[in-house]
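Chemist: In full-length UniProt numbering, the protein residues as written are 1 to 848. Every residue, glycine too, gets a C-beta built ideally from N, C-alpha and C. Submitted below is the structure of interest, expressed as structure tokens.
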């Protein structure tokens, strides 16, 4: 077929497809609101489209000349004319009701512009080769005008609309506002790169991400899909939930991957066509055949580059979305577990190592089906070249797959053991980093270092088995690519010699290309199998964690009393409560009966290990009871642990949390908790980053921040587990008087307080005292009654000793302040952003 007819056929197909998709796109835009403010560009594009319709009408009239016969030229002119008519309303609607350029219009204009330009160039070239034939001016001017108008219209439609959007531009991600050309060639990222060259990129300066990648939305959709999952669960439950969560994004890589297969397997055809052209005698070559080969090469390799980039981009988006969904599921589950389960570091490991393996599952899936298609297609094309020898690579694949089958059978258990070893090491490392100051003061850092080192050696020992299995697997996979071409060529050459024929150049080069296209996907399939097995092991571990029974909150809610008797009504009631951690161990508390009235201050004391913290956790619903009942007036309870956990962020965020920000109330809480002087001494005040788990704060500061957080929440019930143990005497007295005194905040607000403390100097402020010992309540009553008890009761209260060595000084630790200042300054340090050349020199010296 002549090149001109091929171009007309492509143009006709593009116009037909455009007309088929046009009604659906117009119907989709019909109900959308106006996105742009009034401006002139929409009218300009509509005017250009109307001019294009007139030019197409002239071209159609020329094609329908009386002497013309109906052929592909007339059909292409008719479809182009109708398509240009439909382009007018599409451009008008897209411009006003869409935030990005029209993908349908841009693709149509780009394809038909390329075909029209190539067709006109071919006509000019053919007429130039025949000097006695001149290209008619009447046909040339409309064709030139058609090309120019389409080019101008394509440029105009490809421009972004961010400047003319209604509302805030900052709510849209650059990728959402980019047209199809900008997304294909990643031009939308240039603005971010330019901003990074001018300024240091920080979290606040970065543009928003695509709404589809939002962790909040992904979490909500994943949780909804998990709650609606089919029961009973099986091994495919979690994969099905993830697919249902992001089905469009999961299917998005299919089209570019199919395009990649088409362009990749067009290479042998291109090689065969080029060799055939080179072997054709000069006198028999067509004037346009050489340009056809060049055009074919441009299309093939440009298509390869674009389809591969689009495919990888969609895989990356799928990977990010998978992580967001998986982390959301694990996070929700971790919040419903008992706090004692957090210490094993399982959730951290699942969110890091296992989540990363799950994120690769999308790539494994799409690569597997695509590589299978490539092997089948390559084998079929190879059969056309070498005949019945085409199964030779498949035979070698079969023998190599035996090794793959053995490894896949044994790899999953080894991978699971590796993940468990990694979890143990991460849990110990996390615990060590959280208690670094205590470890240094106790002088146990060498022992801890040795322990973590041994855990790392154990992890590497287990990992070594997995890696040796991978070595054997890769060796078998690479053997396929090494021996398949050699064996196939040798056999074909021998058979050709026996049959009296030769191995010609075209067959040799084409077969070489096809063998590479057969063995490469086969190698990829064999290398994907063990990685997919590791991904399945990660799916299983995460699913087992998600299917664990949630924390059982067996507490009952007391009925609200009227306001007259509200203060005398109970806020907490415990009846015959027995608590133990495991059934095989003796109970920590037995037959506990306790009533705490509303708006009262109750202090709990007792020796170490008497069950004070366990009692507080039972009141919060963290520990189930083995017997009896616990009733509370409200399950919204504020708490402050002796070793509090603080989130990474600013000090103000740690106090306010998710509660509404109230400046007046916040200032009052900070002052009552004696944090005002500490905040004024910090480098950035309450906007100072406190680090992971409050690492940039001292122990007393962490306790006061956690106490302020519990106070700021304004809960009806507050449980305080010795929150003043690390404070100096003056600060402790001030906080106790501010919060627990006769005119303290808790008394004024009518808050029910359960305070665990062994500081007898504050017992007189309590409305009720509880003393624990020997797994039971030794005494409960007033402070006056306790002073009359025997010495055996009083001995359970630890006497207040000289705590000067354990108390902090009021001023901020200068080393901590300096460290926080360095962390804050590092953000604006240009050398960190642009790099220090001395670092590269040092690294190079270490390599030599």
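Just the Cα atoms here: how many angstroms apart are residue 86 and residue 46?
Modeler: 11 Å
Chemist: For the stretch 226 to 262, list the alpha helix (DSSP H) runs that are entirely contained and at least 4 residues long, ordered along the chain.
Modeler: Listed in chain order, the complete alpha helix (DSSP H) runs (minimum 4 residues) inside the stretch 226 to 262 are 237 to 245 and 247 to 251.
Chemist: Kindly indicate which three-state DSSP category residue 27 falls into: helix, strand or coil?
Modeler: helix
Chemist: Using the three-state DSSP reduction, which class does residue 779 fall into: helix, strand or coil?
Modeler: strand
Chemist: What are the start and end residues of the alpha helix (DSSP H) that includes residue 606?
Modeler: Element bounds for residue 606: n/a, residue is neither H nor E.
Chemist: When we look at the beta-carbon of residue 802 and count the other beta-carbons within 10 Å, is it buried (16 or more) or exposed?
Modeler: Per-residue confidence for residue 802 stands at a pLDDT of 40, beneath the threshold of 50, marking its modelled position as unreliable; the derived number appears in the next sentence. Flag for residue 802 reads exposed.
Chemist: Quick check on the burial criterion: 16 or more other C-beta atoms within 10 angstroms. Buried or exposed for residue 384?
Modeler: exposed
Chemist: Could you work out which residue in 195, 76 and 11 is closest to residue 109 when comparing CA atoms only?
Modeler: Comparing alpha-carbon positions, the option among 195, 76 and 11 lying closest to residue 109 turns out to be 11.
Chemist: Quick check: what's the CA-CA separation for residue 304 versus residue 447?
Modeler: 56 Å
Chemist: Between 604, 80 and 91, which lies nearest to residue 856 when the distance is taken from Cα to Cα?
Modeler: No information on residue 856 is available, as it lies outside the stretch 1 to 848 that the chain covers here.
Chemist: Determine whether the beta carbon atoms of residue 352 and residue 535 lie at a separation below 8 Å.
Modeler: No; because the gap between Cβ atoms is not below 8 Å, this pair is not in contact.
Chemist: Can you name, in chain order, every residue of its own chain whose Cβ lies under 7 Å from the Cβ of residue 744, other than the five neighbours on each side?
Modeler: 737 and 738
Chemist: Where does the unbroken alpha helix (DSSP H) through residue 81 begin, and where does it stop?
Modeler: Note, residue 81: alpha helix (DSSP H), 72 to 97.
Chemist: Does residue 294 come out as helix, strand or coil in the three-state DSSP assignment?
Modeler: helix
Chemist: Does DSSP classify residue 682 as helix, strand or coil?
Modeler: Reduced to three states, the DSSP call for residue 682 is coil.
Chemist: Curious, which full-length alpha helix (DSSP H) runs of at least 4 residues does the stretch 419 to 446 contain?
Modeler: 436 to 442
Chemist: Could you spell out the range, first to last residue, of the beta strand (DSSP E) harbouring residue 591?
Modeler: Under the DSSP assignment, residue 591 falls in the beta strand (DSSP E) whose first and last residues are 589 to 597.
Chemist: In this structure, does DSSP put residue 120 in helix, strand or coil?
Modeler: For residue 120, the secondary structure class from DSSP, reduced to helix, strand or coil, is helix.
Chemist: CB-CB under 6 Å to residue 434, same chain, minus the five flanking residues each way: which ones, in chain order?
Modeler: 693
Chemist: May I have the straight-line CA-CA distance separating residue 818 from residue 414, to the nearest angstrom?
Modeler: Caution is warranted here: a pLDDT of 46 is assigned to residue 818, below 50, making its placement in the model unreliable, and no coordinate value can be reported.
Chemist: Can you give the Cα-Cα distance for residue 226 and residue 645, rounded to whole angstroms?
Modeler: Their backbone Cα atoms lie some 29 Å apart in a straight line.
Chemist: In this structure, how does DSSP classify residue 7 when only helix, strand and coil are distinguished?
Modeler: helix
Chemist: Taking only three categories from DSSP, how would you classify residue 575?
Modeler: strand
Chemist: For residue 229, which option in 219, 241 and 221 has the closest C-alpha, if you only look at C-alpha atoms?
Modeler: 241
Chemist: Report, in whole angstroms, the separation of the C-beta atoms of residue 602 and residue 705, which I expect to be a contact under 8 Å.
Modeler: So it is not a contact: roughly 24 Å between Cβ atoms.
Chemist: Could you please give me the residues that DSSP links to residue 753 through a beta bridge?
Modeler: 601 and 718
Chemist: Three-state secondary structure (DSSP) at residue 868?
Modeler: Nothing can be reported for residue 868: it is not among the residues displayed for the chain, which extend from 1 to 848.
Chemist: Below 8 Å between beta carbons: does that hold for residue 82 and residue 141?
Modeler: Not closer than 8 Å, so no.
Chemist: Going by C-alpha distance, which of 589, 57, 585 and 23 is nearest residue 772?
Modeler: 589
Chemist: Suppose you measure from the CA of residue 189 to the CA of residue 175; what does that come to, to the nearest Å?
Modeler: 8 Å
Chemist: Pick from 98, 211 and 9: whose alpha carbon is nearest that of residue 179?
Modeler: 98
Chemist: Starting from residue 359, trace the alpha helix (DSSP H) both ways and give me its first and last residue.
Modeler: Segment 355 to 359, the alpha helix (DSSP H) holding residue 359.
Chemist: Hey, quick one: how far does the alpha helix (DSSP H) through residue 348 stretch, first residue to last?
Modeler: Annotation: the continuous alpha helix (DSSP H) that includes residue 348 extends over 346 to 349.
Chemist: Select from 685, 456, 149 and 194 the residue whose C-alpha is nearest the C-alpha of residue 426.
Modeler: The candidate whose alpha carbon is nearest that of residue 426 is 456.
Chemist: Using the beta-carbon count (16 or more within 10 Å), is residue 130 buried or exposed?
Modeler: With a pLDDT of 48 at residue 130, under the threshold of 50, the modelled position of that residue is not reliable, and the figure given next carries that caveat. Exposed, because fewer than 16 other Cβ atoms sit within 10 Å of the Cβ of residue 130.
Chemist: How long is the line joining the alpha carbons of residue 620 and residue 780, rounded to whole angstroms?
Modeler: Going from the Cα of residue 620 to the Cα of residue 780 covers about 21 Å.
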